[in-house]
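A.B. asks: Last residue of the sequence shown? That's 607 in the numbering used here, and every number before it is there in order.
My structure is below; once you've seen it, I'll send some questions.
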Amino acid sequence: MIDERAECWSEMPGLIAAVQAAGDAIGLPYVAAQADLGDPEPMSDEAGRPYAETSFRWVDPNYAYWRDRKLALHIAFLTAARLVGEPFYYSDGRLRTWRATQLLEAVDCSQAKNTPNFGEAIIAPVHLPRGLVGAVFWCSRESVGVEAIFAKHAGHLHNLAVRLVATHNEARGRPRNATVPQTLTRREVQCLRWAAAGKTDGEIGIILSLSVSTVRFHLRNAAAKLGATGRAQSIQIAAGLGFVGARAA
359 MIDERAECWS
369 EMPGLIAAVQ
379 AAGDAIGLPY
389 VAAQADLGDP
399 EPMSDEAGRP
409 YAETSFRWVD
419 PNYAYWRDRK
429 LALHIAFLTA
439 ARLVGEPFYY
449 SDGRLRTWRA
459 TQLLEAVDCS
469 QAKNTPNFGE
479 AIIAPVHLPR
489 GLVGAVFWCS
499 RESVGVEAIF
509 AKHAGHLHNL
519 AVRLVATHNE
529 ARGRPRNATV
539 PQTLTRREVQ
549 CLRWAAAGKT
559 DGEIGIILSL
569 SVSTVRFHLR
579 NAAAKLGATG
589 RAQSIQIAAG
599 LGFVGARAA
């Protein structure tokens, strides 16, 4: 039997090298990566050594950013990575991507703009099922014409980021206790969607012409199939797996 986690760990050195080589080739050689923005621990190898120490280098060699357990709460790039699923770039205090979006326009990048020796960057967010979000950052110390670089290389960088983050999380067994969900029935999905929209069990029963006990029966079954404990987690997991669309959530 193949040990999938061991196989994933064996792939990580090559992926780390590919991510660094891609940055070197396009003039964005300073790299940072985090496989789970909700995890205060830095992204590390199988022995627990942070890649920021062993593999990647940063614009300020004296700034051990990976030791800041609150980093994900106050860095603009990480806020933006939670808001959009496609790659974006930073230049002169602003974030942009292939399309106009108010989500990026609203992010305050003054900290990056006021950071000495920080030039431009491309950021590739990675949104995986069950609410897991990671990101990879390629940065420079000066202006390198990142808009043109982004137009040419963003797709490749995003592909590398997805492979790196997904492989790393698989190697770590993340998310924990994740199982392949059984197929949800049409009624279970309907109840979840209305629950995600904020409806009570009674209101869902009226909308779907079901008794309250039947609504609760469907929600309990959905939770069991999703491996969830409670209503909120059921909705979160169902949204992450695509059973509950953005309109309902």
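Just so you know, even glycine gets a beta-carbon here, dropped at the ideal spot from N, CA and C.
Between which two residues does the beta strand (DSSP E) carrying C497 extend?
C.D. replies: 490–497
A.B. asks: Could you tell me whether the Cβ atoms of N517 and L486 are closer together than 8 Å?
C.D. replies: Inclusion of N517 and L486 in the CB contact set at 8 Å is not warranted, their separation being larger than that value.
A.B. asks: To which residues of the same chain is D466 closer than 8 Å at the C-beta, ignoring the five residues directly before and after it?
C.D. replies: A434
A.B. asks: Looking at the structure shown, is A405 part of a helix, part of a strand, or coil, going by DSSP?
C.D. replies: coil
A.B. asks: Can you grab the Cα-Cα spacing for the pair G372 / F495, in whole Å?
C.D. replies: 17 Å
A.B. asks: Count the other CB atoms, across all protein chains shown, that sit within 10 Å of the CB of I374; report buried if there are 16 or more and exposed otherwise.
C.D. replies: buried
A.B. asks: Provide the residue span of the alpha helix (DSSP H) that contains R545, from first to last.
C.D. replies: 544–554
A.B. asks: Would T412 pass as an interface residue toward chain B - the criterion being a Cβ-Cβ separation below 8 Å?
C.D. replies: Checking the listed chains, one finds no chain B in this structure; it contains a single protein chain.
A.B. asks: What are the complete beta strand (DSSP E) segments, minimum 3 residues, inside the segment 427–499?
C.D. replies: 446–449, 452–454, 479–486, 490–497
A.B. asks: Can you name the start and end residues of the beta strand (DSSP E) that V602 belongs to?
C.D. replies: That residue, V602, is in no beta strand (DSSP E); it is neither H nor E in DSSP.
A.B. asks: Ordered along the chain, which non-local residues of its own chain (more than five positions away) have a Cβ less than 7 Å from that of R521?
C.D. replies: L373
A.B. asks: For G443, collect the residues of the same chain with a Cβ closer than 7 Å to its Cβ; drop the 5 residues on either side in sequence, then sort them by chain order.
C.D. replies: Annotation for G443: P483, H485 place their beta carbon closer than 7 Å to its own, counting only its chain and skipping 5 residues before and after.
A.B. asks: Please list the terminal residues of the continuous beta strand (DSSP E) segment that includes A391.
C.D. replies: Taken as a continuous stretch (DSSP letters only), the beta strand (DSSP E) holding A391 covers 388–392.
A.B. asks: Would you tell me roughly how many angstroms separate the C-alpha atoms of G513 and F446, rounded to the nearest one?
C.D. replies: If you take the alpha carbons of G513 and F446, they lie about 10 Å apart.
A.B. asks: Going along the chain, which residues of its own chain have a beta-carbon closer than 7 Å to the beta-carbon of E546, five neighbours each way excluded?
C.D. replies: Once the five neighbours on either side are set aside, the close Cβ partners of E546 are H576, N579, A580.
A.B. asks: What residue does the alpha helix (DSSP H) around V573 start on, and which one ends it?
C.D. replies: 570–584
A.B. asks: Any chance the segment 555–569 sits against the segment 450–460, with 3 or more Cβ pairs inside 8 Å?
C.D. replies: no
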